[in-house]
Amino acid sequence: MNYKSYGDLSDDIAASLFKVHGKGYDLVVGIPRSGIIPASMIALGLHVDVVGLPEFIANQPLKTRLRRKAQSELTSAWEAKKVLLVDDSVITGRTVQEAQDAIPGSCPCLIDTLAIYADPAGEQYVDIHFYTLESPQAFQWNLFTPAMLSRACVDIDGVLCVDPTAHQNDDGEEYIAFLDNAELLYLPAGRIGCLVTNRLEKYRSHTEMWLKQQGIEYERLVMLDLPSKEERQRQGVHSTHKGLFYKNSDYTLFIESSASQASSIAKIAGKAVYCCEGNQVYTAASNTSPKKGQHRYTKRLLRAVKRRLLSGLPRPLKTALKERWKPNKT
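Residue numbers (the working numbering): 8 to 337.
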C-alpha cells in the first residue's frame, strides 16, 4: 500500500511547484473534499486566489486577495483567465470528469486539471500530475472515511479514545470507570469493518455501551479472551492477537495506536498497518526510519531546485553545471 501523510503532501507539493509556475494560472480551484487542502497549498505557492469547486461554479466574489499585484486582483471567480482545477489523486478519472461536467458551459475560463498523485492508469485523465503513485493508495486525510473504514480493522484505545493512564489501568474499578467515560479521540465518519482490541472479553458490555453512546457503528468487535490483565501481560500476546486475526481476515487495512504493535502486526499479517502514533504505514518489508524518509525528501527537493536553476541558463553554462553536479564514482 502506498501511503501519504499530510507532511508528505506538503513536501511533495513544495518540491513540484516548478511544474505549474509561470503557466499563467490566476485562480486555483479545489475539488471537495480531498482537493481543497492541496489546492490551498498550491495557491499560496503561486500567490493567487483559491476557491472550492461549488464557489467557482456559482461565480462567487473572491475574498482571499492573495495576488502578487494589486492591480491584477480578480473580483469574481470567472474573471480568471486560466484556472487550475486540483484534486489529491486520480485513478479512474471519474471525480475529475464529474467536476468538469459540473462547470457551466458559459464559464469563459481556460481550465487545466491537476492531481498531486496519479495512478499510472489515471495519468491520462489530468493535464498535470506531480507524482505517479500506484494503487492501492492510502492518505492520512482519508483514513477515517466510510470507504476506508468499511475495509479496516481498527484499534480502540489510542485510536477512538485516549489510552488509560497507569492509575486507571488497574483491571478493577478505576478501569471500569475509564471504560464508561473514556474521552473520544477520533470520531469515524462511517461504519467500521471490525474493531480489534486487547481489551479483555469480560469488559465487552462496558465497551459496547461506550461505543453506542458515541454513535460509533461497526460490524464486529473482537476482544482478547483472557481472565486478567496479569495473564495478558504474562502471555504477551498483544500484537499476536491482532496480527493473526488480521492475517486470516479479508480486511485490507489495520489502524493501530502503538508503533511497536503496528510493526509487529504488519509482520505477522503480511498486510499494511497504519499507526496513529507516528502517522506511518507499516508493511511486512517496510523500513519506516524517519531519517531515511527525510533524506529521500531532501534529495528530491534538491533535484527540483537544480532543475529550476538550470532552466533559465544559457546552454554552455547549463552543460558545465550538469557535469559539475554529477556524483563522483570511485
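Beta carbons: idealized from backbone N, C-alpha and C, even for Gly. Source: prediction; values computed, not measured.
- Cβ neighbours of Asn286 within its own chain (closer than 8 Å, five residues either side excluded): Ser12, Tyr13, Gly14, Gln147.
- In the three-state reduction of the DSSP assignment, Asn255 falls in the coil class, being assigned neither a helical nor a strand state.
- With respect to Ala269, Tyr253 sits apart: the two C-beta atoms are not nearer than 8 Å.
- Apart from the 5 residues on each side of it in sequence, Asn149 sits with its Cβ closer than 7 Å to the Cβ of Ser41, Met155 in its chain, given in chain order.
- Taken in chain order, the whole alpha helix (DSSP H) runs of length 4 or more contained in the segment 136-192 are 153-156, 180-188.
- Scanning its chain for C-beta atoms nearer than 8 Å, with the 5 sequence neighbours on each side dropped, one finds around Ala109 the residues Leu60, Ile64, in chain order.
- In this model, Glu238 and Ser212 are separated by some 20 Å (Cα to Cα).
- Distances from the CA of Gly52 to each of Ile20, Lys30, Pro68 were compared; the closest alpha carbon is that of Ile20.
- When the five nearest sequence neighbours on each side are left out, the beta carbons in the same chain lying within less than 7 Å of the beta carbon of Asp162 are those of Val203, Thr204, Ile262, Glu263, Ser264, in order along the chain.
- Secondary structure note for Gly52: its alpha helix (DSSP H) is the uninterrupted segment 43-53.
- Contact check for Asp119 against Ile98 fails: the beta carbons are separated by 8 Å or more.
- Ranked by how close their Cα comes to the Cα of Gly197, the residues Ala184, Gly222, Trp217 have Gly222 in first place.
- Spanning the alpha carbons of Leu167 and Tyr32 requires a straight line of approximately 42 Å.
- Pairwise C-beta distances place the segment 114-134 in contact with the segment 90-106, as three or more of them are shorter than 8 Å.
- Contact annotation, Glu62 with Ala87: C-beta distance approximately 12 Å; criterion of less than 8 Å not satisfied.
- Burial state of His248 is buried, judged by a 10 Å Cβ sphere holding 16 or more other Cβ atoms.
- At the C-beta level, Glu208 and Leu231 come within 8 Å of one another.
- Ala46 and Val55 do not touch by the CB rule: their CB atoms are close to 11 Å apart, not below 8 Å.
- For Ile183, the closest C-alpha among the options Cys201, Trp217, Val90 is that of Trp217.
- A residue is called buried when at least 16 other Cβ atoms come within 10 angstroms of its Cβ; Gly277 does not meet this threshold and is exposed.
- Less than 8 Å divides the Cβ of Glu141 from the Cβ of Asn9.
- Val36 is the residue among Pro171, Phe185, Glu284, Val36 whose C-alpha sits nearest the C-alpha of Cys116.
- A residue is called buried when at least 16 other Cβ atoms come within 10 angstroms of its Cβ; Ser17 does not meet this threshold and is exposed.
- Of the candidates Arg101, Glu284, Glu190, Arg101 places its Cα closest to the Cα of Gln131.
- In this structure, the alpha-carbon of Gly112 lies about 17 Å from that of Leu91.
- With respect to Gly200, Glu181 sits apart: the two C-beta atoms are not nearer than 8 Å.
- Following the DSSP letters along the chain, one finds Tyr13 inside the alpha helix (DSSP H) bounded by residues 13-21.
- Separation of Ala50 and His28 (C-alpha to C-alpha, rounded to the nearest whole angstrom) is 11 Å.
- Residues of the same chain with a CB within less than 8 Å of the CB of Tyr138, apart from the 5 flanking positions on each side, are Asp19, Ser23, Ile123, Tyr124, Ala125 in chain order.
- For Ile275, the uninterrupted alpha helix (DSSP H) run begins and ends at 266-276, by DSSP.
- Scanning its chain for C-beta atoms nearer than 7 Å, with the 5 sequence neighbours on each side dropped, one finds around Leu81 the residues Asp33, Leu34, Asp56, Leu69, Ala87, in chain order.
- By the CB criterion at 8 Å, Ser246 and Ile275 fall inside the cutoff.
- If you look at Met216, you'll find it in the alpha helix (DSSP H) that goes 211-221.
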